[in-house]
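Novice: Could you have a look at this structure, given as structure tokens, before my questions?
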Amino acid sequence: MSSPTLRRTAFCLVLVASFSLALLPVSAQSTGGRILGRVSDSTGAVVTGVQVTLINDATGVSRDTKTDQSGDYTFVEVVPSKYRVEYTLQGFKKNVRANVMLEINQVLTLNATLQPGATQETVEVSSEAPLVDTTSTQLGAVVNDRAISQLPLNARDTYQFLQLQPGVMSTTGTGNQIVYGSDKSGSVSVNGGRGRANNFSVNGGDANDLFVNLPTVQPSPDSIEEFRVLTNTFDAEYGRDSGSVVNVITKSGTNNFRGNIYEFFRNTKLNANPYCFTESEGVACDKPQFNQNQFGGTFGGPLKKDRTFFFASYEGRRIRQGIPSQLVFVPTLAERPSATQPFADFSAESIFPGTLSTAFPLLQRPNCAAAINAQTQGQATLQDGAAYGATYNPVTGNRTSTGIFTDVVNNRDNIIPLTCLDPTAVDLLQYIPTPLSTSGALVTTPVQPTRGDQFTVRFDHRLNSKQNLSVYYYFDDDHTISPFAVFEAAGASVPGFGSIINDRYQQWNFTHTWTLSNATVNEFRFNYNREGQGTFQHPIFTTTVQNSCPTPPSWLLAAFPAGSTPFCFDDLQPGNPTGIHPHIGPEHEGLPFIQVSGGFNIGNNGEGELPQVGNSFQWSDSISKVMGTHSLKFGGDVRRQRFDQLLYFDVNGEFFVDQTSVNTTDGDSALSDYLLGLPGGYGQGSAQHENVRSTGLYLFAQDSWKMKPNLTLNYGLRWELNTPIADIGKRVQTFRPGEVSKVYPCMDTVNTDCSSMTPVGLVVPGDPGVSNALTQTYYKAFAPRIGLAWSPGTSGKTSIRTGWGLFYNPVEQLVLEQFSAEPPFGGSTFPFNTLFNQPFVDQGGPAITYPNPFGLASLSGVNGILDPPRNQPVDWGMFRPITLFGQFQPHMRSQYSAQYNLTIQRQLTNDLKLELGYVGSQGHRLLATHDINYGNPQTCLDIIDILGPDSCGPYFADIAFSIPAGSVTGPNGLHLPYGPNGPT
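Numbered according to my numbering, the sequence shown spans residues 154 to 1137.
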């Protein structure tokens, strides 16, 4: 290559890159493709000035161009469809290529040979798309309408087709768990990338969820024309995420009316029996109920022939599906006290080896001591240090000591009198089904109803011979009642504590395409994407915490004198901060979440409900231009994103019955600890607002240079700017060692000595050097791309392609979840060894209490949301110990991956090709976490001791992790592609 040629090429690229900077607001995912080729005569000589006309079979819209001095022609930004290509020149027969199918983002090479003769004569051939890609260097595949309509598709989820591509693997969660979007099929790992590192678009417009970066717009299969997934070294016009690019094109109207109606039906009888995992526990497996109806239709056609077209679709989903619970263990009939059995019988377990370290919890139950005295015939006394179980001579079997739960009369152990049990724990047994098995094993299968309705409409209008306008609207509304409210791998394991999820997703897409000349096309797009989850994990069972238990039966009320012992998390002292007081009202309160280790879970999911709304506004513009052997494209994409969420994190409280209490019976299970009301720990959080804003700016310039008829160089440069996600309310905090907040100084109170309780290191936006986003904006995210495609010989049946590039990732809003429930805007506290009804009192007695930032109305804002005035002192002592779940580093840099590949394609027959490729990617600066409150291993301190000088100090119970950008991954592999119709 000559030096002047190199200089001209470099100059062109720099010029278009500079020009694109001046075009703001300026590309989203382009949907058009390119058709190019070379025209020669029967001797093989190139022919100049041939009129090439491209006609859309569906709409009649045509474009034309002429071959240049090299006999080459190119059409850019061609709408995917079926075409007719006509080649005309005086002195040659008219050459026609019919049935030319162009797929989304495809580069299609159509060479033509003209025969001498009159132009009135026509040579027409039916075209078949070339199997071998001799021009593009980006890897990927197209799933067309035929594959979508004919291949089996479970639940009619189009994005499942992604898994047919080489290097793509689903990361979807199993069972009924919802872990921040992992239930969506769009969660796939591409060539080892992360499941949330993919960029989805519909008709070129943004279709990504702001919270977890998964697809929100998923048109029904019958409304989709085709979609392409790009998996490695995609062109510079594509980016924002490093995993893959998924571009969906919906059907448009044509000059002919078309449509369909359908229903897909499945039911319990047509389903196979599931494999039974619980027979060994004596729990039979019944076939879960399953009734699914998916119905709808499509219709489209011309409003004005060759001018205006429409296409609309509707799909309804009605599903009633039995959701089996996990195998849980609940109290058996013998272990449940009743009107005829005034005790809990755990004699089937090993003798309790535990010791009642402090008798305070049981002494609060007035008749417990007398019941123990009667049951043991005075041989055991309710007091500190009392043993729960008896001891026996291993030789004679005679009892050598008596435990407080020894039934001397009937010679049994582990018999807990009703009056020693926690009345709230016993009352809650009404919510827990009685098992049929003597082991306590239980599986329930409640029905989960789901309703969904989706509507789409698209209008395409030809303004004139040069301009086209397309408008697309998508609406999807879903309603689900989850019987177990399983979210973030937590939730009830028995029915009765489900949740409601209401989703509504919408997209408006306006696209204007302007053919400025035969060689220049401009495409402008505005896209509005809205995700609304006004009801997300809202508990079905809502009331105030103090009213969340069922009415106690008369026999239970009779066992406890009126007013002597609190029922249902009521400390009998209004305003006393030792009880559970969320202050958020009966619409959001309910039964605390209770986890019994190795047993069961009841109550409202501690993760809490997360009503949220996201809005994304996108403006994009791109220009495609042919300059000789160069196909240039440049443009940009601007996105303004808003995400608002009200997080109810653990507002009702959460008990951990895990046999870590100082008073644990240490039995074979934790069920006895539960009935005694002896949790090992307790946690509670508060509601908190998050109002997040961010901006994305993406610019690119690229060139596809046909250096020779069989050699193409693709190169380009992309620049990405993702502003850090910032909370406009400044309700976030971070950790800066040695700094003290000036916005929220410490308030000296009777219980707070600021000289020792000021949380050194905890700062907020507004403090010196702390922005609303907590970290810097990274301006150096330049992403070069380069690739080479070579087709040896002239047959076009073999290609060797290679490419390399850098690809960046933004930070999804999900990361800010780690900043919630942290003081002073949210609280989270985790006392241990607490009482069941008064979780801020230690089992050792009221002399040991824990600060409760939720119990005092003076610390709460509106509806239980902490919102302290800025520049006012805060009683930091109320938040001890402080837990920080995650913090940004102040100088984060953007995540990125380096991708590369080498592929070989060979056409074997007219409909069969062989492809072999080596594909690699290496992730850099990926978000990772590490504990920054580490201890000094040289000191070997006990866990409850203050950490050494390298730690963050004694004010913090834990600073779970900081979020740097430093993790590196490097998957590489050999690819043997299999397409939707089998091996390719």
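Every residue gets a Cβ at the ideal spot worked out from N, C-alpha and C, and that includes glycine.
(1) Got a sec, what are the start and stop residues for the alpha helix (DSSP H) P576 sits in?
(2) So for R889, helix, strand or coil by DSSP?
(3) Taking just the CA atoms, how far does I525 sit from F499?
(4) Go to S554, then tell me how far its beta strand (DSSP E) extends in each direction, as first and last residue.
(5) Tell me the residue span of the alpha helix (DSSP H) that contains R897.
(6) Quick check on the DSSP output: the alpha helix (DSSP H) that includes W708 runs from which residue to which?
(7) Looking only at its chain, what residues have a beta carbon closer than 6 Å to the beta carbon of N662, apart from the 5 residues adjacent to it on each side?
(8) Counting along the chain, where does the alpha helix (DSSP H) carrying M910 start and finish?
(9) Taking contact to mean at least 3 C-beta pairs separated by less than 8 Å, is the region 845–857 in contact with the region 789–798?
(10) Hey, quick one: how far does the beta strand (DSSP E) through Y932 stretch, first residue to last?
(11) Residues in the same chain with beta-carbon distance under 6 Å from G396, minus the five sequence neighbours each way, listed in chain order, please.
(12) Run through the region 503–552 for me and flag every whole alpha helix (DSSP H) of 4 or more residues, listed as ranges in chain order.
(13) Going residue by residue through the region 729–768, where are the continuous alpha helix (DSSP H) segments of at least 4 residues, counting only ones entirely within it?
(14) Can you give me the C-alpha to C-alpha distance between Y932 and N446, rounded to a whole angstrom?
(15) What residues in its chain sit with their C-beta under 7 Å from that of R411, if we drop five residues either side in the sequence?
(16) With a threshold of 16 other CB atoms inside 10 Å of the CB of N1005, please say whether the residue is buried or exposed.
(17) Going by DSSP, name the residue or residues bridged to R470.
(18) Sort V913, V398, N413 and D362 by Cα distance to P898 and report the nearest one.
(19) Judging by CA-CA distance, which residue of D1028, S814 and V779 is the nearest neighbour of V1150?
(20) Rounded to whole angstroms, what is the Cα-Cα separation between T508 and L829?
(21) Please report the residue range of the alpha helix (DSSP H) in which R678 lies.
(22) Any chance you could list the beta strand (DSSP E) runs of at least 3 consecutive residues sitting entirely within the region 311–389, in chain order?
(23) Please state whether DSSP places N307 in a helix, a strand or coil.
(24) Nearest by alpha-carbon distance to G949: which of T275, N264 and R216 is it?
(25) Taking the straight line between their C-alpha atoms, what separation do you get for Q243 and H614?
(26) Among V766, L456, P648 and G449, which has the Cα closest to the Cα of Q479?
(27) On the DSSP letters alone, give me the boundaries of the alpha helix (DSSP H) that Y827 sits inside.
(28) Cβ atoms of G605 and D566: under 8 Å apart, would you say?
(29) Kindly indicate which residue of S952, D826, P714 and T911 has the alpha-carbon position closest to the one of A578.
(30) So which of T587, S510, G469 and K457 has the shortest CA-CA distance to V483?
(31) Return the chain-ordered list of same chain residues with a C-beta closer than 7 Å to the C-beta of P963, the five sequence neighbours on each side being excluded.
(32) For a test of the three-state rule: what should DSSP assign to V232, helix, strand or coil?
(33) Leaving aside the five residues before and after G781 along the sequence, list all residues of the same chain whose C-beta is less than 7 Å from its C-beta, in chain order.
(34) I need the boundaries of the beta strand (DSSP E) containing S193, first residue and last residue.
(35) Between the alpha carbons of S952 and N252, how many angstroms are there, rounded?
(36) Can you tell me whether D995 is helix, strand or coil according to DSSP?
Specialist: In short:
(1) As a position in the sequence shown, residue 576 is number 423, starting the count at 1. Taken as a continuous stretch (DSSP letters only), the alpha helix (DSSP H) holding P576 covers P576 to D580.
(2) The residue you call residue 889 lines up with position 736 of the sequence shown. Here R889 sits in coil by DSSP.
(3) In the sequence shown, residue 499 corresponds to position 346, counting from 1. In the sequence shown, residue 525 corresponds to position 372, counting from 1. Rounded to whole angstroms, F499 to I525 spans 16 Å at the Cα level.
(4) The residue labelled residue 554 in the question sits at position 401 within the sequence shown. Under the DSSP assignment, S554 falls in the beta strand (DSSP E) whose first and last residues are R552 to S554.
(5) Walking along the sequence shown from the start, residue 897 turns up at place 744. Here residue 897 is Tyr; the residue named in the question, Arg, does not match the sequence. It is not in any alpha helix (DSSP H) - Y897 carries neither H nor E in the DSSP assignment.
(6) Taking the sequence shown and counting its residues from 1, one reaches residue 708 at position 555. Element bounds for W708: S707 to A712.
(7) By one-based count along the sequence shown, residue 662 stands at place 509. Excluding residues within five positions, the ones whose Cβ falls inside 6 Å are N356, G358, Y625 and N680.
(8) As a working note, residue 910 is residue 757 in the sequence shown. Unbroken alpha helix (DSSP H) run through M910: C907 to M910.
(9) yes
(10) On the sequence shown, position 779 is the one that residue 932 refers to. Element bounds for Y932: n/a, residue is neither H nor E.
(11) In the sequence shown, residue 396 corresponds to position 243, counting from 1. Excluding residues within five positions, the ones whose Cβ falls inside 6 Å are V343, G346, A350 and N351.
(12) 513–516 and 521–528
(13) none
(14) Locating residue 932 in the sequence shown gives position 779, counting from the first residue. Locating residue 446 in the sequence shown gives position 293, counting from the first residue. C-alpha separation (whole angstroms): 50 Å.
(15) As a first step, residue 411 must be located in the sequence shown, where it is residue number 258. G453 and G454.
(16) By one-based count along the sequence shown, residue 1005 stands at place 852. Classification of N1005: buried, given that the 10 Å Cβ count is 16 or more.
(17) As a working note, residue 470 is residue 317 in the sequence shown. Answer by DSSP bridge pairing, in chain order: Q447 and G605.
(18) Counting from 1 along the sequence shown, the entry for residue 898 is found at position 745. Distance check between P898 and each of V913, V398, N413 and D362 places V913 closest, using alpha-carbon atoms only.
(19) Examination of residue 1150 is not possible in this model, given that the chain is present from 154 through 1137 alone.
(20) Here the question's residue 508 lines up with position 355 in the sequence shown. Here the question's residue 829 lines up with position 676 in the sequence shown. In a straight line, the C-alpha of T508 is about 13 Å away from that of L829.
(21) Taking the first residue of the sequence shown as position 1, residue 678 is located at position 525. Not the alpha helix (DSSP H): R678 falls in the beta strand (DSSP E), residues T673 to P692.
(22) 321–323, 341–343, 351–355 and 377–385
(23) Numbered from its first residue, the sequence shown carries residue 307 at position 154. N307: helix per DSSP, three-state reduction.
(24) Within the sequence shown, residue 949 is the residue found at index 796, counting from 1. Checking every option, the nearest Cα to that of G949 belongs to N264.
(25) Along the sequence shown, one-based indexing puts residue 243 at 90. Along the sequence shown, one-based indexing puts residue 614 at 461. Their Cα atoms are separated by approximately 34 Å.
(26) Counting from 1 along the sequence shown, the entry for residue 479 is found at position 326. Per the Cα distances, P648.
(27) Position 674 of the sequence shown, counted from the first residue, corresponds to residue 827. Start and end: L824 to L829.
(28) As a working note, residue 566 is residue 413 in the sequence shown. As a working note, residue 605 is residue 452 in the sequence shown. Not in contact: D566 and G605 (Cβ atoms no closer than 8 Å).
(29) For the purposes of this step, residue 578 is taken as the residue at position 425 of the sequence shown. The shortest Cα separation from A578 among S952, D826, P714 and T911 belongs to D826.
(30) Taking the first residue of the sequence shown as position 1, residue 483 is located at position 330. The shortest CA-to-CA distance from V483 to any of T587, S510, G469 and K457 is the one to T587.
(31) Translated into the one-based positions of the sequence shown, residue 963 becomes position 810. Excluding the 5 residues flanking it on each side, P963 has same chain C-beta neighbours closer than 7 Å at R393, G849 and N875, in chain order.
(32) Here residue 232 is taken as the residue at index 79 of the sequence shown, counted from 1. In this structure, V232 counts as coil in the three-state DSSP scheme.
(33) As a working note, residue 781 is residue 628 in the sequence shown. Same-chain partners within the cutoff: D221.
(34) For this step, residue 193 is matched to residue 40 along the sequence shown. S193 -> beta strand (DSSP E) spans G186 to D194.
(35) Residue 952 sits at position 799 when you count from the first residue of the sequence shown. Residue 252 sits at position 99 when you count from the first residue of the sequence shown. Cα to Cα, the separation comes out at about 24 Å.
(36) In the sequence shown, the residue the question calls residue 995 occupies position 842. Of the three classes helix, strand and coil, the one that applies to D995 here is strand, per DSSP.
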